[in-house]
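Engineer:
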Amino acid sequence: MNIWKTYSLHIRKNFGLDTGDLDTSLQWRTMLTYYSVLFIIPLVLIPYFPGVIFAFQSEYFSIVILDTVAVGFLVAAGFLPKIAISTRKFLFVSTFYMVSFGFMFIIGLSGPTFLYMLAASFFCTILFPVKYAYYPTIANVLFCVIIGLLIPLDVMFWKDEPTHNLPQFVAVASNLIFLGFFSSALFPKVFDLLEKSINNERMLKAQLNQQNDNLEKALNTLKEKNAELETFAYSASHDLQEPLRMITAFLHQLEKNYISLLDERGKKYIYFASDGAVRMKDMIEGLLDYSRVGRFDGEKSIINLDELVHSTLRLFQESIKEKKAEIIVHPLPTVESYAPPISQIFLNLISNALKYSKSDIPPIIEISSVEKETYWQFSVKDNGIGIEKEFHDRVFNLFQKLHHKKDYEGTGIGLAIVKKCVENLGGTILLESEIEKGSIFSFSIPKKT
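With full-length UniProt numbering, letter number 399 in the sequence shown gets 399, and the count goes up by one each step, no holes.
#1: Going by DSSP, which residues form a beta bridge with ASN348?
#2: Rounded to the nearest angstrom, what separates GLY51 and LEU66 at their Cα positions?
#3: Locate the beta strand (DSSP E) running through PRO446, then write down its first and last residues.
#4: ASN200: buried (16+ other C-beta within 10 angstroms of its C-beta) or exposed?
#5: Which residues share a DSSP beta bridge with PHE378?
#6: Express the C-alpha separation of LYS447 and LEU313 in angstroms, rounding to a whole number.
#7: Does the structure place the segment 130-148 close enough to the segment 107-120 that three or more beta carbon pairs sit under 8 angstroms?
#8: Answer yes or no: the CB of PHE101 versus the heavy atoms of the ligand HEM, is any distance below 7 angstroms?
#9: By how many angstroms is the C-alpha of TRP28 removed from the C-alpha of LYS13?
#10: Around the Cβ of residue 451, are there at least 16 other Cβ atoms within 10 angstroms (buried) or fewer (exposed)?
#11: Looking only at C-alpha atoms, which of MET31, PRO42, LEU26, THR30 sits nearest to TYR7?
#12: Do you know whose CA, among HIS10, LYS131, LEU194, lies nearest VAL75's CA?
#13: Could you have a look at GLU59 and say whether DSSP puts it in helix, strand or coil?
#14: Within the continuous beta strand (DSSP E) that includes ASN424, where are the two ends?
#15: When the Cα atoms are used, what is the spatial distance from ASP382 to PRO243?
#16: On a CA-only basis, which of ILE361, SER197, PHE114, GLN210 is nearest VAL170? Give me that one, please.
#17: For the alpha helix (DSSP H) containing ILE429, list its first residue and its last residue.
#18: What number of angstroms, rounded off, separates the C-alpha of PRO188 from the C-alpha of LYS217?
#19: Please report the distance separating the alpha-carbon of GLU299 from that of TRP376.
#20: Checking the sheet assignment: what are the DSSP bridge partners for THR334?
#21: For ILE361, which residues of its own chain have a beta-carbon under 8 angstroms away from its beta-carbon, when the five flanking residues on both sides are left out?
#22: Could you check whether PHE316 and residue 453 sit closer than 8 angstroms to each other, using their CB atoms as the reference points?
#23: Quick check: the segment 82-92 against the segment 101-112, are there 3 or more CB pairs under 8 angstroms?
#24: Once you ignore the five residues that flank LYS437 on each side, which residues in its own chain have a CB closer than 6 angstroms to its CB?
#25: Per the contact definition of three or more C-beta pairs closer than 8 angstroms, is the segment 419-439 in contact with the segment 330-347?
Okay, here's the thing in structure tokens:
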């Protein structure tokens with residue numbers, strides 16, 4: 001096996017095929033020549049040794065010389081260094097013509113003369129450019145015409161075959177000419193179609209590479225813009241907190257010191273302003289939280305999700321006790337990922353499940369997981385008030401609230417944070433929900449994040 005590998009690599013290098021792709025018909029022809037030479041050198045020994053033995057027994061010593069020279073031509077085509085590919089092709093094809101003519105003059109026309117001549121015609125058509133396709137066939141025609149003219153004149157004489165029948169020769173030669181012209185017409189069409197296919201593939205590959213480059217540039221630009229937006233949101237929300245604290249403080253002082261001087265309308269205005277300031281503070285803090293999502297500090301770690309979820313549930317002990325909620329946590333896996341975003345996901349989904357529960361029915365929250373081939377699928381299911389189908393996509397938008405603040409408090413940013421965390425981890429999130437029947441939030445986390 002190692003001998004064959006060394007042998008094939010040596011010949012491949014001589015044909016200049018050790019580097020580069022086959023993207024033109026010329027390179028394909030070179031590759032065909034390489035394979036032809038590669039296999040014919042060892043396989044030629046199959047007819048060589050029986051032929052030599054026969055030649056010695058029959059005293060055709062010229063056949064021994066002919067066969068040996070032919071093998072030498074083939075070896076030279078494969079092993080001679082620093083010669084042109086066209087020269088290698090010429091040596092290869094001329095071997096068949098040499099053997100053909102040699103057999104004709106030594107043993108006559110009934111030998112393998114026409115077989116090797118036809119092989120030479122085939123190889124010329126396949127291995128050389130299209131413009132030379134008909135040359136070997138025309139040469140074969142001229143050869144057959146000359147031999148056909150010489151047969152009646154009894155010019156040519158063979159040891160064991162002194163005479164030839166002209167009609168018989170014409171019948172055999174016409175088949176040679178037919179197959180020669182057929183191959184000369186067919187193979188160029190095959191290579192023309194092959195070249196068109198190669199060119200189309202190369203053009204499509206170039207277009208695909210260009211599209212990939214454009215897509216990569218667009219993604220990089222999008223990442224830069226998102227990073228700028230996150231930085232801006234973080235900076236803006238952080239900077240807005242100080243003037244908002246001043247407004248809240250002044251409103252508090254106004255309410256404390258001057259409330260007795262105001263009529264009912266004035267008191268109502270103070271209330272609206274204070275309430276708006278509180279809601280603005282919540283929204284700014286929510287925006288600040290949202291801007292921080294995706295900033296994974298530190299390395300990935302092994303996370304026991306059973307422990308993480310139960311730790312998260314302890315934050316809602318009072319709410320769970322007050323609502324008499326039943327929490328069902330099925331066995332959860334251990335994953336290698338980033339703990340902060342996963343904690344944020346479960347925190348917000350559990351918070352939503354408790355917040356949007358029915359007033360007359362204790363909430364039941366079920367947390368489970370399913371292992372897939374490349375990711376884990378998690379679900380947080382509740383029996384709450386549910387969400388109308390038309391709002392299934394909108395609930396993940398920033399500051400999207402479906403209920404009045406008097407009914408359900410919140411900033412409308414929790415599910416937006418959940419979605420961003422899931423997507424930053426390389427997963428997806430889906431919602432299944434029906435009014436008065438509850439909701440199921442399903443999200444995936446890749447096994448390799």
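Quick reminder that beta carbons are idealized off the backbone N, C-alpha and C, glycines included.
Structural biologist: Considering the structure as presented:
#1: Beta-bridge partners of ASN348 (DSSP): none assigned.
#2: Here the alpha carbons of LEU66 and GLY51 stand approximately 10 angstroms from one another.
#3: PRO446 -> beta strand (DSSP E) spans 438-446.
#4: Exposed, by the Cβ-count rule.
#5: Bridge partners of PHE378: SER369, PHE443.
#6: So the alpha carbons of these two residues sit roughly 24 angstroms apart.
#7: At 8 angstroms Cβ cutoff, the stretches touch.
#8: As far as ligands go, the structure on display features none, and thus does not contain the ligand HEM.
#9: When only Cα atoms are considered, LYS13 and TRP28 end up about 15 angstroms apart.
#10: Here the chain has residues from 1 to 449 only, and residue 451 is not among them.
#11: Taking only the C-alpha atoms, the option nearest TYR7 is PRO42.
#12: Closest option to VAL75, Cα to Cα, is HIS10.
#13: Correct three-state label for GLU59: coil.
#14: Not the beta strand (DSSP E): ASN424 falls in the alpha helix (DSSP H), residues 414-424.
#15: Their Cα atoms are separated by approximately 40 angstroms.
#16: Answer by Cα proximity: PHE114.
#17: Element bounds for ILE429: not the alpha helix (DSSP H) but the beta strand (DSSP E), 429-434.
#18: Those two C-alpha atoms are separated by around 43 angstroms.
#19: The alpha-carbon separation between GLU299 and TRP376 amounts to approximately 20 angstroms.
#20: Residue pairing from DSSP places THR334 in a beta bridge opposite ASN304.
#21: ASN383, listed in sequence order.
#22: No information on residue 453 is available, as it lies outside the stretch 1 to 449 that the chain covers here.
#23: The segment 82-92 vs the segment 101-112: no contact.
#24: Same-chain partners within the cutoff: GLY386.
#25: Three or more beta-carbon pairs separated by less than 8 angstroms link the segment 330-347 to the segment 419-439, which places the two stretches in contact.
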